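Enquirer: Below you will find the structure I want to go over with you.
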Amino acid sequence: MNSPALFNYTLRLADSSLVLAQRLCEWTSVGPFLEEDLALTNIALDIFGRARHLYEYAARLENKGRSEDDLAFLRNDRDYLNCLICEQPNGDYAQTMIRQAMVDCFDLYYYTELAKSKDETLAGIAAKSIKEITYHKRHSFSWVMRFGNGTDESHTRAQNALNELWRFTGEWFERTEDEDNLVNQSIAVDVTAIHPKWEKEITELFMQANLSIPSKVFMQTGGRKGLHTEHLAYLLLEMQALPRMLPNAKW
Amino acid sequence: MSDSQGPLWEVFVQKKAGQPFVHCGNLHAFDKEMALQNARDLYTRRGEGMSIWVVPTNAIVASSPEDQGPFFEPSNDKVFRHPTFYPMPDVIKHM
Chain A
1 MNSPALFNYT LRLADSSLVL AQRLCEWTSV GPFLEEDLAL TNIALDIFGR
51 ARHLYEYAAR LENKGRSEDD LAFLRNDRDY LNCLICEQPN GDYAQTMIRQ
101 AMVDCFDLYY YTELAKSKDE TLAGIAAKSI KEITYHKRHS FSWVMRFGNG
151 TDESHTRAQN ALNELWRFTG EWFERTEDED NLVNQSIAVD VTAIHPKWEK
201 EITELFMQAN LSIPSKVFMQ TGGRKGLHTE HLAYLLLEMQ ALPRMLPNAK
251 W
Chain B
1001 MSDSQGPLWE VFVQKKAGQP FVHCGNLHAF DKEMALQNAR DLYTRRGEGM
1051 SIWVVPTNAI VASSPEDQGP FFEPSNDKVF RHPTFYPMPD VIKHM
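If you read the protein sequences in the order shown, they are chains A and B.
Numbering-wise, the working numbering puts 40 at position 40 of the first sequence, and it's gapless, one number per residue.
In the working numbering, each residue carries its 1-based index in the second sequence increased by 1000.
Put into structure tokens, the structure is as follows:
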């Protein structure tokens, strides 16, 4: 099975993983304390690893001579198809952990389903990711509980983060025509099926953390069409500076 | 035993089932779950273990250097406590 739709689908998953990992790495060396710095960097490396496998597969699917590195480093923000939530700034640690908890919860459902895909490569990459994401989720969920039930200040910061980020969660559950075909062939994940499960679990987490999900929020969209928030271009600028200045540079 | 990075915890890792938990270092954490997760990230990243204990450092009761004489020297001249006065069965490998 080889189609532009499958290439696009794989590229989208790769972009979301890469952009999120790049964001998380911004905490490296400036984490709240040494142990947590290492923990988050570890998590970012897991996600970079997943991005790499996905880009490698996307490059093979496209079969136009572009390498995984070309896909990662030589495309502009309008060509990136990642979810908007992945590119949102880290803010304070509460904001990073609120974002991460929502992403981990989504990713665990998503990759668990993708592991059943008829596409063996995607299924293989997904199966490898499940254990990693299970751990990431344990880590981010426990931080949300700590912030939400901690001091007045930590609670306020976590609530502000949730108010800021909730509007980027609707995009996950949209479906495009391209994707419908892949879903019908049991290749892509049917996001409408995991929506209620995700919402139930994340709502329970926030309830236990004494946080309230903002109501009447207008959900943002555009990532999969390459329409991003202003933050992505700066992230790519930093990430791509070296390969663009010194093409084919080697370690 | 506390600073801005939280209290200290001691980490013990078990390499294989049935083997003793071996002390391998310490870390900072603010609660039990964080201590366990940090221990996983700091001490088992390269497949060092399959089970972890974390213990608050201040929960450990330790002998002090001054105790060495009264604690340990009296056993030095009691060779009869060592199992050297009867043959060991061949199947016992670690004694």
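Backbone N, C-alpha and C fix where the C-beta goes; we use that ideal spot for every residue, glycine too.
All of these numbers come straight from a predicted model, not from anything done at the bench.
What number of angstroms, rounded off, separates the C-alpha of residue 1074 (chain B) from the C-alpha of residue 1080 (chain B)?
Expert: 13 Å
Enquirer: Which residue or residues does DSSP assign as beta-bridge partners of residue 1012 (chain B)?
Expert: B:1023 and B:1053
Enquirer: Within the segment 74-128 of chain A, note down every full alpha helix (DSSP H) run reaching 4 residues or more, in order along the chain.
Expert: Correct list: 84-87 and 93-114.
Enquirer: Mind checking residue 1047 (chain B): buried by the 16 CB within 10 Å criterion, or exposed?
Expert: exposed
Enquirer: Relative to the alpha-carbon of residue 1022 (chain B), which residue among B:1084, B:1044 and B:1072 has its alpha-carbon at the smallest distance?
Expert: The option with the nearest alpha carbon to residue 1022 (chain B) is B:1044.
Enquirer: Contact check, residue 100 (chain A) vs residue 164 (chain A) under 8 Å by CB: the rounded distance?
Expert: Going by Cβ atoms, the distance from residue 100 (chain A) to residue 164 (chain A) rounds to 14 Å, so no, they are not a contact pair.
Enquirer: Taking the CB atoms as reference points, tell me whether residue 84 (chain A) and residue 223 (chain A) lie closer together than 8 Å.
Expert: yes
Enquirer: Terminal residues of the continuous alpha helix (DSSP H) containing residue 159 (chain A)?
Expert: 152-165
Enquirer: Give the secondary structure of residue 1082 (chain B) by DSSP, where H, G and I count as helix, E and B as strand, and everything else as coil.
Expert: DSSP places residue 1082 (chain B) in the coil class of the three-state scheme, outside both helix and strand.
Enquirer: Name the chain B residues that come within less than 9 Å of residue 171 (chain A), Cβ to Cβ?
Expert: Below the 9 Å Cβ cutoff, chain B contributes no neighbours of residue 171 (chain A), its closest Cβ being approximately 30 Å away.
Enquirer: If we cut at 8 Å on Cβ distances, does residue 1076 (chain B) have a partner in chain A?
Expert: no
Enquirer: In three-state DSSP terms, what is residue 1001 (chain B)?
Expert: Confidence in residue 1001 (chain B) is poor, its pLDDT being 41 and thus under 50, which makes the residue's placement unreliable; the coordinate value appears in the next sentence. Residue state for residue 1001 (chain B) is assigned as coil, using DSSP reduced to three classes.
Enquirer: Excluding sequence positions up to five away, which residues of its chain have a Cβ less than 6 Å from the Cβ of residue 140 (chain A)?
Expert: 97, 100, 101 and 104
Enquirer: Can you list the residues of chain B that residue 174 (chain A) reaches, using a CB-CB cut of under 8 Å?
Expert: The premise fails here: residue 174 (chain A) is roughly 34 Å from chain B at the closest Cβ pair, so nothing lies under 8 Å.
Enquirer: Please confirm whether residue 1089 (chain B) has its beta-carbon closer than 8 Å to some beta-carbon of chain A.
Expert: no
Enquirer: Under the three-state reduction of DSSP, which class applies to residue 195 (chain A): helix, strand or coil?
Expert: It is helical.
Enquirer: If you follow the alpha helix (DSSP H) that residue 1040 (chain B) is part of, which residue opens it and which one closes it?
Expert: 1032-1043
Enquirer: Could you give the first and the last residue of the continuous alpha helix (DSSP H) run that contains residue 19 (chain A)?
Expert: 4-25
Enquirer: What does a CB cutoff of less than 7 Å around residue 211 (chain A) pick up in its chain, not counting 5 residues either side in sequence?
Expert: 148, 158, 159 and 162
Enquirer: In the DSSP assignment, the alpha helix (DSSP H) including residue 245 (chain A) goes from what residue to what residue?
Expert: For residue 245 (chain A), the uninterrupted alpha helix (DSSP H) run begins and ends at 231-245, by DSSP.
Enquirer: Where residue 175 (chain A) and residue 68 (chain A) are concerned, what is the direct C-alpha to C-alpha distance, given to the nearest angstrom?
Expert: The straight-line gap from Cα to Cα measures roughly 26 Å.
Enquirer: Count the other CB atoms, across all protein chains shown, that sit within 10 Å of the CB of residue 1068 (chain B); report buried if there are 16 or more and exposed otherwise.
Expert: exposed
Enquirer: Using 8 Å as the limit for Cβ to Cβ distance, is residue 1058 (chain B) near chain A?
Expert: When Cβ-Cβ separations below 8 Å define contact, residue 1058 (chain B) makes no contact with chain A.
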